[in-house]
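Data first, discussion second: the structure below is written as structure tokens.
Number of protein chains: 4
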Amino acid sequence: MTKPLIVVDPQPRGLTEIFDPALWRRLETLGELAAHDGPGRMPAERFEALLPEMALLIGQSDMPGERLARAQKLRAIINVETNFLQNVDYDVCFERGVHVLAPSSAFARPVAEMTLGLLIDLCRGITTADRAMRRGDEKWLLDGAAGCFSLYGARVGLIGFGDLARAFVPLVRPFGCTVKAYDPWVSAHFMEGFGVEAASLDEILAESQAIVVFASVTSENQGFLGKREFDRVTPGAVMLLMSRAGVVDFPEFLRAIEDGKFRAATDVFPVEPAPPDDPARRVEALVLSPHRAGAMTDSLLEIGRQTVADAELILRGLPPLSCRRAQRETVARSRSKPIERS
Amino acid sequence: MTKPLIVVDPQPRGLTEIFDPALWRRLETLGELAAHDGPGRMPAERFEALLPEMALLIGQSDMPGERLARAQKLRAIINVETNFLQNVDYDVCFERGVHVLAPSSAFARPVAEMTLGLLIDLCRGITTADRAMRRGDEKWLLDGAAGCFSLYGARVGLIGFGDLARAFVPLVRPFGCTVKAYDPWVSAHFMEGFGVEAASLDEILAESQAIVVFASVTSENQGFLGKREFDRVTPGAVMLLMSRAGVVDFPEFLRAIEDGKFRAATDVFPVEPAPPDDPARRVEALVLSPHRAGAMTDSLLEIGRQTVADAELILRGLPPLSCRRAQRETVARSRSKPIERS
Amino acid sequence: MTKPLIVVDPQPRGLTEIFDPALWRRLETLGELAAHDGPGRMPAERFEALLPEMALLIGQSDMPGERLARAQKLRAIINVETNFLQNVDYDVCFERGVHVLAPSSAFARPVAEMTLGLLIDLCRGITTADRAMRRGDEKWLLDGAAGCFSLYGARVGLIGFGDLARAFVPLVRPFGCTVKAYDPWVSAHFMEGFGVEAASLDEILAESQAIVVFASVTSENQGFLGKREFDRVTPGAVMLLMSRAGVVDFPEFLRAIEDGKFRAATDVFPVEPAPPDDPARRVEALVLSPHRAGAMTDSLLEIGRQTVADAELILRGLPPLSCRRAQRETVARSRSKPIERS
Amino acid sequence: MTKPLIVVDPQPRGLTEIFDPALWRRLETLGELAAHDGPGRMPAERFEALLPEMALLIGQSDMPGERLARAQKLRAIINVETNFLQNVDYDVCFERGVHVLAPSSAFARPVAEMTLGLLIDLCRGITTADRAMRRGDEKWLLDGAAGCFSLYGARVGLIGFGDLARAFVPLVRPFGCTVKAYDPWVSAHFMEGFGVEAASLDEILAESQAIVVFASVTSENQGFLGKREFDRVTPGAVMLLMSRAGVVDFPEFLRAIEDGKFRAATDVFPVEPAPPDDPARRVEALVLSPHRAGAMTDSLLEIGRQTVADAELILRGLPPLSCRRAQRETVARSRSKPIERS
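Chains as they are written, first to last, in our numbering: chain L, 1079 to 1420; chain F, 1079 to 1420; chain H, 1079 to 1420; chain X, 1079 to 1420.
What follows is the structure, encoded as structure tokens:
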């Protein structure tokens, strides 16, 4: 009996970025490996030749209907970049039961951690006090606490309730925060299981002391946070933009901060890397993070760990458990772009 | 039957800083109030005249033996500045059963919160990335993660295991950290009750990825963290100085950071406010916080809440529960100085 | 535009058992309801007539290929009995994207609670001490602690890591237990996310002080816990059978308990109701629970809540979140029988 | 320099019950040991001869003023039986700063665990269902749930908020219970630190679904729970008596249970061992526990661990941390009797 063929075409990830030697050895025990370690994608000719025997595809490679038709042994596509692009014939995959997976929760813990760090920073003014001390105009003791508030017992509102939000919620539990969330794709019942109360967008904006935007970009929500929404934010609140810049009207976001409507932090920018003259760089009440929230060496290895864990289950005839599955109902609406390599 | 006399001489705190109207009304129900609302201390003449009837003293007033001898009805001194000074004849208090109390845990939660914020900042490089983005030489994505590590699963070492440490420990629990602590005044058995393992100072220094100094200053530990100790810190670690600058050799502390031995944050400085030319202000790998960790409006009200809660118990003939008690064994060794008003 | 047709054929559940008036009103807002409230199933003639317009089927009704072929508008089957039977053409459902769902986690919390109650009972001998006191031969104080152990810090081993196990694990966290689990369908990576370590069956048996059987019956595991396995259990351990009697060799289970190999509790029996002369009724070291672990009025309403929450999402064109989905890989192997009405 | 003299007179505890070999070796390093290992107390002649050099007394020995006057080197009395009796001149101890300590929290965790076990038993009817199955008149599935309720989200009321209550509260946290407490010796502020709301006795009785009595006996509260209080309990509630029988009017307690006012469990009895014809033995809705809640081998060793941990601190000139201190205000009111050896 031949071993199943596992094709590994991981760009824009690097092979050794996501698989350390121990993980790679585990993968080798699962099947015959055909791997391409960049730069760029596996050459089309080689890729096409592998289609007939391909049992697993690890990568974000194009898989239109024609290719799927030739890949009759294919059981799963594991997209290690983690954003679902419109380069796969998902309908065919769903019909045939080919899992399309993304180990996207790999970023959930580092993003949650960074979110809490930025949140306490905004509540307590850590970065602005550091800047002031370097300039020499800092305020000491209670004089420096104007506008600050404690996270203990604060009202936290989440916009988006996916992997990032679910990893974040346990981190604020010891502070005794009330947590509400708005997500049109998630039921109140499901949120309750995490101790979170469902709310409308307007409630989140108007009632929260801390607003965290975790929503990813879909065909429906581009720029859905604009002037109207920022005007509703309660005075003195803080806002964190942790997912994709595309969900906010960025110029209005900066204007609202400069107008003193709220203090903010952002990990994402409309263009990345942000140009040298990006006005965001000069906004005092904005903590700037150059898309680093999920960017940890270990996040990439976690992609590898989820990939290998689910590959093992799938090749044993079992359903995957660690990766997120593309869903028939929503995959066509995904608009998050892959991360570009610098 | 006359109501007990409660003398309130709260300097350097202000009366309305620590008691909001509701708290003040509760205090009024407990006894006859004789209050001085600054500036400075209650005039000696007035204070002395109140001694014979004084049942509770709320303040950091001098109470030498002569005054105590005249205050035969005194049941407790509640020091609302919260540092025990050598201006009270503690032996007489202990003999007579006059409680000497400090609502010092009022600062524990805001300091714990700030500590976690600074800790994530150091682990993930939040403030330094913000500074870099303002200068225009930031690094994006994984390129910006060099030297960073995640708090999840990290080895955290505490130096000092008092109120601050006990408030801090629950906040890192969701990160699954291993927490060890060094405190020569605390038994391993007591630490275990908080899920913390006792360790020697050298173990803490050599094995921790994150070292948090919570130790207050005593007659025994001034400057106990110096070059020898900093040399033992594991490369890549981070260190947070959250209690009093007096416990470290500050010039050596700055030198170790500049030499790249560790990244650090400090909330305290040898002289406060720090002079404009304080070299600390220019150390890149040091996050600067101008003694703001405990300085929140609510911390002061919490002083009032603990004071009133324990005043009620004491005047009902019961032992206090919220304030920290001066201890016969250790009070004479306390060397933490009161906070100066700017 | 016509409202979608929702067919409700809930047997063996009763309509008002699973839907309280508020839930029923929410369901009414979602579509046109065609409901049958027993006894037994909706008459075939009526059911068949509804097929062409049926958008949702709430029930455990037979849905062979012929019926599915006529139900072209069907989007989901929500099996409110919660065990997947072999009376649905699952392949057709998977191909067409008809969700087959079971709100089975409705039982997870009451079962987890009962499991913890029975576990502490076994650790500390609650039921046996009560029986002894009624007989008059009880032992007092430490004399009654022979063979008992504390759950604090105990080694807990789970057999099966599905909904029940995941609801149970948080309940033992405050006891500081080490939790390991054996489940051939679940990866070590997935378990780690719950703070649980994967282990082999033999490790679980040999090393645990408390063994909890949560495994449901499949085509592969009937009677997989027999004499060989019971012989491996560490002396003095306790075992809880919480899922289905079919996974153990029941006569050997009773024999092992009577031989003093371990103390045990069971919520399930090979025949239910157990016959009056069932030998299990006389085993002293066995705590007997007549299939009551999940049986709470609120569990049934929770079935209704999950059903309505997911019905809303599905009819809005979104994927369900609360119910468990039948999986292509495993649904054919399910052998758990429905609960019989008494 | 001579080593301090440690006198160990542990009755009614046995020496090896509270000190395992490792603990005993640690104690030996701390000083010169003079130990009596029963039966009974150390002979008075020997005890008296040791007074002048005694630095620590480990035991419940009589220490009237005359003996204290001769024990000028004494620094602490550690009462390893754990109930403060009126056989010590406490005033002299307080004046001189001789700590009088009891490692009473040694029982807190086993009692908390047993309390949770009995509480779930009462909520879900575990013991009564087991009894029914042995009689052959059990009810299956939902039919057996009449009168049961889930602990998830239940309103729990505590009477007494000492060590036992504080160990118990974390165990019900995963159930999301609301916890209120009544304790006239404890402030609302102190309870809040544990996430518990202070309430009056009548509120606790009337509003709780589960009432747990943790109050120890004082000169003020003997029999304070009687007919008037039981009449206030909300129908369908459960009550657990976990501390001392002396705080309830026991015949009324049994009558209330038999009248169906509430279901209950008790670990304590007016006379222990309870006589063979004690009517409590026949009350169906009462779970009987022959004073076993704290009675675990490890509780006694925990007494030893707390003793040695605090002995080390005290002999190093530091305040004790693990044992409970006798308080000037309350020690004279303690009326809990020592446990009698069977």
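Note that CB positions come from ideal geometry on N, CA and C, so glycine has one too. In this text, all values refer to a predicted model and were calculated from it rather than measured experimentally.
| Check | Outcome |
| --- | --- |
| Span of the alpha helix (DSSP H), counted from its first residue to its last, around residue 1189 of chain X | 1186–1202 |
| Test item: CB-CB of residue 1382 of chain F and residue 1314 of chain F under 8 Å | no |
| Three-state class that DSSP yields for residue 1267 of chain F in the structure shown | helix |
| Segment limits, alpha helix (DSSP H) that includes residue 1103 of chain H | 1099–1108 |
| Residues of the segment 1347–1366 of chain X with Cβ closer than 7 Å to any Cβ of chain H, in chain order | 1350, 1351, 1354, 1359, 1365 and 1366 |
| Alpha-carbon to alpha-carbon, residue 1295 of chain X and residue 1089 of chain X | 22 Å |
| Assigned secondary structure, residue 1205 of chain X (DSSP; H/G/I helix, E/B strand, else coil) | helix |
| Residue 1420 of chain F at chain L interface by Cβ criterion, 8 Å | Only weak support exists for where residue 1420 of chain F lies, its pLDDT of 38 falling under 50; the value from the coordinates is given anyway. By this cut-off, residue 1420 of chain F is an interface position. |
| DSSP-derived helix/strand/coil call for residue 1222 of chain H | helix |
| Exposure of residue 1235 of chain L, with buried meaning 16 or more beta-carbon neighbours within 10 Å | buried |
| As assigned by DSSP and simplified to three states, the class of residue 1365 of chain X | strand |
| Residues bridged to residue 1177 of chain L (per DSSP) | L:1154 |
| Ordered list of beta strand (DSSP E) runs contained in the segment 1282–1352 of chain H, each at least 3 residues | 1288–1291, 1316–1319 and 1341–1344 |
| Residue-chain proximity (residue 1108 of chain X, chain H), Cβ-Cβ < 8 Å | no |
| Sheet register partners of residue 1403 of chain X (DSSP bridge) | X:1179 |
| Residue 1258 of chain F, buried or exposed, once every other Cβ within 10 Å from all chains shown has been counted against 16 | buried |
| Distance, residue 1168 of chain F Cα to residue 1309 of chain F Cα | 40 Å |
| Of the residues H:1385, H:1205, H:1285 and H:1337, the one placed nearest residue 1366 of chain H, counting alpha carbons only | H:1205 |
| Expected contact under 8 Å - CB spacing of residue 1133 of chain H and residue 1083 of chain H to nearest Å | 5 Å |
| 6 Å Cβ shell around residue 1142 of chain L - same chain, five flanking residues per side excluded | 1167 |
| Listed by chain order, chain F residues near residue 1207 of chain L by CB distance under 8 Å | 1366, 1367, 1368 and 1370 |
| DSSP-derived helix/strand/coil call for residue 1441 of chain H | Residue numbering for chain H in the displayed model covers 1079 to 1420; residue 1441 of chain H lies beyond these limits and cannot be assessed. |
| Rounded straight-line distance, which links the Cα of residue 1363 of chain F to that of residue 1109 of chain L | 47 Å |
| Helix, strand or coil at residue 1275 of chain L according to DSSP, with G and I counted as helix | strand |
| Cβ of residue 1161 of chain X within 8 Å of any chain F Cβ | no |
| Chain H within 8 Å of residue 1411 of chain X, Cβ atoms only | no |
| Local Cβ density within 10 Å of residue 1165 of chain L, reported as buried at 16 or more and exposed below that | exposed |
| Run of the alpha helix (DSSP H) containing residue 1250 of chain X, from where it starts to where it stops | 1241–1250 |
| Simplified DSSP state of residue 1135 of chain L, which is helix, strand or coil | strand |
| Buried or exposed by the 16-neighbour rule on C-beta atoms within 10 Å, applied to residue 1085 of chain H | buried |
| Amino acids of chain L, ordered along the chain, whose beta-carbon sits closer than 7 Å to that of residue 1383 of chain H | 1267 |
| Three-state class that DSSP yields for residue 1280 of chain X in the structure shown | helix |
| Residue 1412 of chain F - partner residues in DSSP beta bridges | F:1296 |
| Cβ-Cβ distance between residue 1260 of chain X and residue 1279 of chain X below 8 Å | yes |
| Contact check, residue 1320 of chain H vs residue 1193 of chain H, beta carbons under 8 Å | yes |
| Chain-ordered chain L contacts of residue 1264 of chain H [CB-CB under 7 Å] | 1399 |
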